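> Residue numbers (the UniProt record's numbering), protein chains in the order written: chain A, 1 to 330; chain B, 1 to 330; chain C, 1 to 330; chain D, 1 to 330.
Right, I'll just put the structure down here and ask away after.
4 protein chains.
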Amino acid sequence: MNPNPTKRRLFNKAPKSSQLVEQEERRSDLGFGTKLTDSSSRLVNQNGTINIARVNGTLWDRLNIYNRLITMSWVHFFFWLLAAYVFTNTLFAGIYMLADARTLIGIDDKILNGPFWKCFFFSSQTLTTVGYGHISPNSFLTSSIAAFESMIGLLAFALATGLLYGRFSRPVAHIRFSRQSVFAPYLDVNAWMFRLINTRDNQLVNLEITVSMSRLEPKPDGTLYRRYYGLNLERNKVAFFPANWTLVHPITEKSPLYGCTPEELEQSDAEFLISLQALDDTFVQSVHTRFSYRYDEILWGHKFRPIYIDDQQTKIDLNKLDETEEVELN
Amino acid sequence: MNPNPTKRRLFNKAPKSSQLVEQEERRSDLGFGTKLTDSSSRLVNQNGTINIARVNGTLWDRLNIYNRLITMSWVHFFFWLLAAYVFTNTLFAGIYMLADARTLIGIDDKILNGPFWKCFFFSSQTLTTVGYGHISPNSFLTSSIAAFESMIGLLAFALATGLLYGRFSRPVAHIRFSRQSVFAPYLDVNAWMFRLINTRDNQLVNLEITVSMSRLEPKPDGTLYRRYYGLNLERNKVAFFPANWTLVHPITEKSPLYGCTPEELEQSDAEFLISLQALDDTFVQSVHTRFSYRYDEILWGHKFRPIYIDDQQTKIDLNKLDETEEVELN
Amino acid sequence: MNPNPTKRRLFNKAPKSSQLVEQEERRSDLGFGTKLTDSSSRLVNQNGTINIARVNGTLWDRLNIYNRLITMSWVHFFFWLLAAYVFTNTLFAGIYMLADARTLIGIDDKILNGPFWKCFFFSSQTLTTVGYGHISPNSFLTSSIAAFESMIGLLAFALATGLLYGRFSRPVAHIRFSRQSVFAPYLDVNAWMFRLINTRDNQLVNLEITVSMSRLEPKPDGTLYRRYYGLNLERNKVAFFPANWTLVHPITEKSPLYGCTPEELEQSDAEFLISLQALDDTFVQSVHTRFSYRYDEILWGHKFRPIYIDDQQTKIDLNKLDETEEVELN
Amino acid sequence: MNPNPTKRRLFNKAPKSSQLVEQEERRSDLGFGTKLTDSSSRLVNQNGTINIARVNGTLWDRLNIYNRLITMSWVHFFFWLLAAYVFTNTLFAGIYMLADARTLIGIDDKILNGPFWKCFFFSSQTLTTVGYGHISPNSFLTSSIAAFESMIGLLAFALATGLLYGRFSRPVAHIRFSRQSVFAPYLDVNAWMFRLINTRDNQLVNLEITVSMSRLEPKPDGTLYRRYYGLNLERNKVAFFPANWTLVHPITEKSPLYGCTPEELEQSDAEFLISLQALDDTFVQSVHTRFSYRYDEILWGHKFRPIYIDDQQTKIDLNKLDETEEVELN
């Protein structure tokens with residue numbers, strides 16, 4: 001996407017070039033820098049991650065094992081646990097076969113479909129320390145391997161214990177943002193709005209939200225650069241978050257969105273970056289989350305419909321989070 | 001409870017309608033909003049939870065398993081653990097029965113009241129990895145099931161380990177609020193007071209308390225809305241919390257309670273919202289708690305009696321927390 | 001200790017009685033209150049706990065099990081673990097005896113000194129899930145008890161896991177305060193000083209210390225009350241805490257210690273309350289600790305000797321922490 | 001390194017001797033003090049530790065077991081685990097030999113290379129609670145030892161569980177600093193710069209960096225003392241840390257580096273101390289790290305080359321972190 005004459009006239013404020021202004025702007029760029037002019041991807045993904053790829057990291061850094069095991073889905077997590085269990089047993093079964101399967105005595109190989117499976121089940125009984133004893137090591141070598149395997153087994157399950165606890169106790173805000181943000185009338189002006197709900201019964205307190213807008217703007221020489229604006233919210237803090245909250249950025253003359261058209265937002269690759277921080281009261285854990293709306297996730301002339309059920313003020317229907325209706329803008 | 005002419009005259013300050021004032025008020029509504037005019041329920045329950053119901057959450061969100069298992073009582077917790085243990089053993093006993101109970105060898109079925117119970121006890125010995133071996137799997141199929149079950153068993157107890165640790169290490173303020181708050185004389189005015197004690201030997205430091213009052217007030221058009229006031233405390237922070245603390249809101253002319261009668265508090269569905277934050281010194285954990293007093297939890301013309309035992313200044317009788325005596329108001 | 005005429009004249013500043021002053025003073029009383037006039041005990045013990053006893057707490061609150069098990073010494077901890085292990089095995093041995101010791105088969109009673117010890121060892125093998133199987137339950141009843149015991153065993157050791165982790169990971173500042181504080185010359189005045197060392201290789205950063213002095217002072221009517229003063233330190237924050245730090249309160253005209261004699265400090269039951277907060281860098285844990293010096297833990301006309309070894313600026317001898325030498329005061 | 005006439009003239013600002021200035025300077029010495037004039041060692045090592053040795057600590061403090069086991073490398077950690085496992089089994093094997101190896105029955109000694117190894121393997125089966133039962137204790141004494149050993153075993157592996165979890169969940173910033181810092185042109189002046197990258201996919205937010213310079217300066221009487229300066233950064237905070245960040249200290253007239261030559265930096269034993277703090281978003285953990293550049297880790301007249309791959313702004317090559325190219329200084 002190259003700069004073109006049309007776009008250069010889009011913005012009513014002429015880009016300033018003084019170094020002071022430049023430094024001031026860098027303060028609000030959140031760390032992304034002004035050179036990200038590729039409009040094919042967003043800065044912040046809707047799951048809160050950032051769009052940066054790393055090359056040539058060390059294997060250890062790339063694997064980032066603990067982090068992955070903690071953040072992957074439960075289905076994946078149990079799949080990998082089971083896979084590791086089967087793999088380890090297969091590995092040790094192979095080692096017992098090499099050592100001498102005949103020294104694992106107490107049961108007839110044929111009953112368990114041959115010596116490999118006898119070794120496999122003996123391995124599983126050793127790894128989990130269940131140790132029935134109907135198969136037992138009857139030589140120095142297999143006894144040694146079994147002594148080592150039982151230690152490995154305990155460590156592996158020690159690790160699983162830590163991972164399960166880490167997954168459960170990890171501070172995650174169970175917050176859902178509305179899929180679309182809206183431009184709706186607000187008092188005697190218009191406003192850009194989005195809303196969010198707490199999907200769980202956990203008490204969230206001391207919520208605080210900051211919103212920035214990022215868009216491409218042309219420099220005097222015609223090259224594009226990415227500029228960032230902090231957006232003022234009608235309210236950016238609440239002490240309690242009973243259930244839902246609509247965030248409102250009124251589009252007054254001071255707003256960078258003042259006089260903006262949907263086409264301009266698209267041409268300038270506009271993205272709204274949201275950063276939320278709160279306190280989960282159950283464990284008094286701080287929870288952080290990020291979200292973003294791009295220009296194509298805005299409904300113009302829509303407003304959110306009430307989320308309460310039949311005027312019962314203390315009953316909230318989570319399914320109504322995304323419900324909007326058309327409304328005439330001011 | 002509908003607005004009526006009498007109530008509209010209750011408050012000496014006329015409700016203001018300017019948008020500026022409205023925004024200012026929203027700052028102090030704590031996130032509850034001004035539309036909660038249903039006076040049949042309180043905003044904050046005395047256990048610190050908030051009175052909001054959710055509908056249509058996902059099953060996962062509604063179960064909120066970890067949170068529940070952490071916050072339920074110990075009796076419930078152990079009941080569910082035992083229930084899960086019996087259920088899992090019954091399930092696996094059924095599976096062994098399907099596979100072929102006769103391949104679990106080593107003991108006569110009759111001694112254990114038939115093949116089901118043999119399977120059940122074998123399952124329990126596998127799940128807990130005790131594995132005596134006097135019952136042992138003697139086929140490929142039952143060996144496989146047992147290998148899987150022992151893995152599940154270890155994971156389940158890994159989970160239990162995490163849950164037990166989570167329950168114990170969860171930051172909870174062992175603070176008890178007096179059941180009633182009082183209106184008592186204070187210096188040359190009156191004051192609304194409540195007190196609290198630290199029921200445990202844990203050191204709590206850096207306590208900070210904020211108190212808000214919420215009540216229904218009529219708008220100029222007669223409809224009711226909920227208004228919130230921050231209440232000034234004679235003191236809202238202490239560095240140490242040796243044992244007890246009486247919080248005092250003096251009712252000066254600036255107080256929203258100035259000139260209020262018990263009847264007015266009831267008619268306006270008044271509720272006092274208390275938010276406490278402190279540092280538990282044992283684990284240097286931040287602890288948060290909430291509490292609320294409604295209009296019917298206030299004793300007019302009562303004062304708290306000393307909580308010390310026989311003038312021994314360093315001995316506190318926790319049973320005296322709620323003791324008050326009548327006193328004439330200023 | 002009753003007020004007497006001599007003491008009333010001790011302090012050059014007349015106690016003020018205005019309510020404003022009283023409220024201001026309450027701000028600096030740290031939460032102890034002004035009524036603790038019993039001079040037989042200190043406010044803060046040197047291990048950081050506070051001198052308050054509770055009466056009539058619930059059993060659960062009084063036991064405060066988790067807190068005790070976490071904070072007791074390692075010797076006590078292992079003693080209680082072992083005691084619990086022996087007690088539980090004895091209990092279950094009794095239960096197996098009641099059920100019928102003869103149904104635990106596989107070994108001759110006589111070899112293990114009779115049926116009770118057979119039951120005891122079977123219990124220990126079940127509780128720890130070692131389950132050799134050379135003793136095994138051979139009836140429905142003993143099998144059921146064993147199934148229950150093995151579950152209890154796993155939970156108990158799950159608990160032990162959590163306790164061990166809790167003990168190790170608990171944030172504790174390994175800081176040692178000098179046993180005595182000193183009054184030593186400082187620049188052209190005198191100063192009250194104490195020092196502290198980091199006894200471990202853990203990096204402590206962002207240390208911050210606050211010091212208060214508390215003493216009894218007479219009111220105009222002759223009754224004693226406890227007054228608190230914040231003491232200004234020449235420096236109360238450091239970003240790094242390489243090894244040792246001497247804290248200095250210069251006794252200028254503004255200091256409440258100005259013109260004080262050792263006898264006056266004793267008569268007024270003076271106590272210096274120290275509160276320290278830092279960040280342990282290994283786990284990025286906040287650590288808090290308290291300490292106090294009473295009037296009889298001050299050396300007048302002493303100064304601390306260097307703690308470095310033979311002028312090697314980067315080698316610190318922890319044994320020299322308490323070394324002082326006499327010096328003439330200004 | 002003794003003060004010499006040449007060095008005394010090095011600095012254009014005369015050292016001031018007023019006590020006020022001295023106190024002001026102590027504020028910025030970070031806690032190191034001004035007496036560390038030994039130029040053979042750095043203050044802060046590049047792994048973030050501080051150069052201080054302790055003598056005469058208690059054994060417990062010197063071992064600092066938990067801290068070491070948590071911070072040592074994984075290879076060392078597993079080596080020590082294995083060593084402890086073999087040692088404990090050897091110890092208990094010896095105890096069983098003393099008690100009477102013949103009472104461990106069920107297998108022929110010769111198969112396992114004699115009674116010691118029989119005891120050793122029985123010990124390992126007891127310690128890990130695998131308990132096959134093909135070796136079992138057949139006397140009161142060995143049964144008692146085994147009951148004790150199985151308890152010890154469970155505790156030891158409980159400890160290992162905690163250690164593994166502690167190692168994994170410990171907050172560590174996976175940040176790599178450029179090996180060299182550079183002096184490069186910046187706008188119309190020069191600047192001292194370094195850069196850093198986030199080597200993992202963990203989201204780091206709210207980064208904040210402070211930089212100090214420390215160097216030896218002569219007092220009027222010719223003795224050297226260590227002086228500290230805070231360095232102003234063009235920017236010291238970012239809300240997001242997508243991947244890389246170049247820190248810039250512009251050398252204006254106010255900078256203590258103004259007019260400095262490489263020789264002067266070397267003669268004054270200059271060291272740049274960096275302290276970084278951020279929030280790891282996965283566990284919402286605060287992470288802290290320190291780094292330092294000495295005078296011999298500065299490249300004069302070099303600038304960093306871009307770290308992006310082929311102008312793809314969202315792809316970062318971690319190997320390019322240290323790449324610089326020569327450039328003419330202003």
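Just so you know, even glycine gets a beta-carbon here, dropped at the ideal spot from N, CA and C.
All of these numbers come straight from a predicted model, not from anything done at the bench.
Are three or more beta carbon pairs between the region 227–236 of chain A and the region 203–217 of chain A nearer than 8 Å?
Yes: the two stretches touch, three or more of their Cβ pairs being nearer than 8 Å.
> Which of the three DSSP states is assigned to D/S139 in this structure?
In this structure, D/S139 counts as coil in the three-state DSSP scheme.
> Any residues in the region 308–330 of chain A with a beta carbon nearer than 7 Å to a beta carbon of chain B? Which ones, in chain order?
So the list reads I309, Q313, T314, K315, I316, D317, L318 and N319, given in the order they occur along the chain.
> Please check if any C-beta of chain C sits within less than 9 Å of the C-beta of D/M72.
no
> Chain A beta carbons: is any one of them nearer than 9 Å to that of D/N4?
Its pLDDT being 42, under 50, D/N4 is placed unreliably by the model, and the measurement read from it follows with that caveat. No - not a single Cβ of chain A is within 9 Å of the one on D/N4.
> Sorted by chain position, which residues of the same chain lie with C-beta nearer than 8 Å to D/H249's C-beta, five sequence neighbours on each side aside?
A191, W192, M193, V211, L231, N232, L233, E234, S255 and L257
> For the region 220–256 of chain D, list the beta strand (DSSP E) runs that are entirely contained and at least 3 residues long, ordered along the chain.
224–231, 237–240 and 244–250
> Applying the 10 Å Cβ sphere with the 16-neighbour rule, what's the burial state of A/N202?
Counting Cβ neighbours within 10 Å, A/N202 comes out buried, since at least 16 surround it.
> Under 9 Å, do D/R170 and C/F283 count as touching if we go by C-beta distance?
yes
> Using only CA atoms, which one of C/A270, C/F304, C/Q285 and C/L318 lies nearest to C/L43?
Of the listed residues, the one whose Cα sits closest to C/L43 is C/A270.
> In whole angstroms, what separates the C-alpha of D/F32 from that of C/F241?
8 Å
> Got a sec: which bits of the region 53–68 of chain A sit with their beta carbon under 8 Å from any beta carbon on chain D, in order along the chain?
A53, R54, V55, N56, G57, T58, D61, N64, Y66 and N67
> Counting contacts by CB-CB distance shorter than 9 Å, is C/S18 in contact with chain B?
Low confidence applies to C/S18: its pLDDT is 48, below 50, so where it sits in the model is not reliable enough to give any reading.
> So, with DSSP's three-state summary, where would you put C/T103?
C/T103: helix per DSSP, three-state reduction.
> Would you tell me roughly how many angstroms separate the C-alpha atoms of C/D100 and B/R195, rounded to the nearest one?
57 Å
> I need the DSSP call for C/E297, collapsed to helix, strand or coil.
helix
> Chain D beta carbons: is any one of them nearer than 9 Å to that of C/Y132?
yes
> So, is the C-beta of C/N47 closer than 9 Å to a C-beta in chain D?
no
> Comparing alpha-carbon positions, which option in C/G106, C/D108, C/W117 and C/Y85 lies nearest C/G94?
C/W117
> Using the C-alpha atoms, what's the distance from C/V86 back to A/F121?
34 Å
> Whose C-beta lies closer than 7 Å to the C-beta of D/P115 among residues of the same chain, with five residues either side of it excluded?
The beta carbon of D/P115 lies closer than 7 Å to those of M97, A101 and D109 in the same chain, with the five residues before and after it left out.
> Check the Cβ of C/H174 against every Cβ in chain D and list those closer than 8 Å, keeping chain order.
D61
> Applying a beta-carbon distance threshold of less than 7 Å, which residues of chain C neighbour D/A158?
In chain order: F157, A160, T161 and L164.
> Measuring only the C-alpha atoms, how far is B/S73 from B/H174?
Going by the C-alpha atoms only, they are around 15 Å apart.
> Using the Cβ count rule (16 or more neighbours within 10 Å means buried), how would you classify B/I145?
buried
> Could you tell me the boundaries of the alpha helix (DSSP H) in which A/Q267 lies?
P262 to Q267
> Between which residues of its own chain and C/N198 is the CB-CB distance below 7 Å, once the five residues before and five after are set aside?
The beta carbon of C/N198 is closer than 7 Å to those of H174, I175, L204, F241 and A243 in its chain, skipping five residues each way along the sequence.
> Select from the region 228–243 of chain C all residues with a C-beta closer than 7 Å to any C-beta belonging to chain B, and list them in chain order.
none
> When the Cα atoms are used, what is the spatial distance from C/L273 to C/N319?
Cα-Cα distance, rounded: 24 Å.
> Got a sec: is the Cβ-Cβ distance from B/V284 to anything in chain C below 9 Å?
Output row for B/V284: interface = yes.
> Output yes or no for whether 9 Å exceeds the beta carbon distance between D/G153 and D/T128.
yes
> Determine the closest residue to D/L159 out of D/Q277, D/S124 and D/I70, with distance taken between C-alpha atoms.
D/I70
> If you compare alpha carbons, which of B/A239, B/E325, B/R305 and B/I251 is closest to C/I50?
B/A239
> Please list the partners that A/D38 has in chain B, where partner means a Cβ-to-Cβ separation under 7 Å.
Chain B residues near A/D38: none, gap ~36 Å exceeds 7 Å.
> State the beta-bridge partners of C/D38 as determined by DSSP.
Paired residues: none, contrary to the question.
> What are the residues that DSSP puts in a beta bridge with A/N198?
A/I175
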